[in-house]
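Following: one structure in structure tokens, then a few remarks.
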Amino acid sequence: MRSETRKSFSVLLCRDCCCGTDRKHPDFDHAAQRRELEDVIRKAGGKLHIVKCIDACSYSNVAVIRRHNGEKIWLGGLAQVETHVELCQFLASDVFQPLTPLLEDCRFEPTLESQIAEVKCDSRRIPVHES
Ligand code: FES
């Protein structure tokens, strides 16, 4: 039962004009972030999707956790080692547990435009990459 539950999530990791760029976040290793998230999500039974801009650039780097029950958790400010490490630990342990305080601080309410962009990820033939 637990393994079924663990498979029922995915994560959208934004990589476009702001998220994942050295121009905006020159002191962060974006490639390592992607690689480590791919690894931890795969081991946890989830899927990582790399997506184009989901219209929340001011929060970059942005990721959206999609739980099987339809819940979507928008996280921003992930271009920091501390938040990245905590997100990896969270995803590795149990994605259905409450967010840690640090990740709760990263959580934001998306605008309607962001929500529309996120929903369109599926119809825009995005994710552009699936691990
Ligand atoms: S580039 Fe990620 S929200 Fe715009």
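Quick note, in the working numbering, the sequence shown goes up one by one and the last residue is 145.
All residues carry an ideal CB built from backbone N, CA and C; glycine is no exception.
Let me confirm a value: residue i is counted as buried when at least 16 other C-beta atoms fall within 10 Å, else exposed. Which label applies?
i	result
Arg80	buried
Cys33	buried
Cys120	buried
Roughly how many angstroms separate the alpha carbons of residue i and residue j, rounded to a whole number?
i	j	result
Phe42	Gln94	7 Å
His39	Leu117	19 Å
Ser22	Ala106	13 Å
Is the beta carbon of residue i within less than 7 Å of some heavy atom of the ligand FES?
i	result
Cys67	yes
Ser107	no
Ala58	no
Cys33	yes
Val76	yes
Cys135	no
Ala93	no
Cys120	no
With a CB to CB cut of under 7 Å and the five nearest residues on each side skipped, what residues in its chain are close to residue i?
i	result
Thr114	Glu100 and Phe104
Using a Cβ-Cβ cut-off of 8 Å, state whether residue i counts as contacting chain C.
i	result
Ala131	Absent from the structure: chain C. Only one protein chain is present.
Which same chain residues, not among the five before or five after residue i, have their C-beta less than 6 Å away from its C-beta?
i	result
Lys61	Ser24
Ala131	Ile68 and Asp69
Gly71	This sequence places Cys at residue 71; Gly is not what is there. These residues qualify, in order along the chain: Cys32.
Spatial neighbours of residue i within its chain, please: CB distance less than 8 Å, with the 5 preceding and 5 following residues excluded, ordered by chain position.
i	result
Thr125	Asp69 and Ala70
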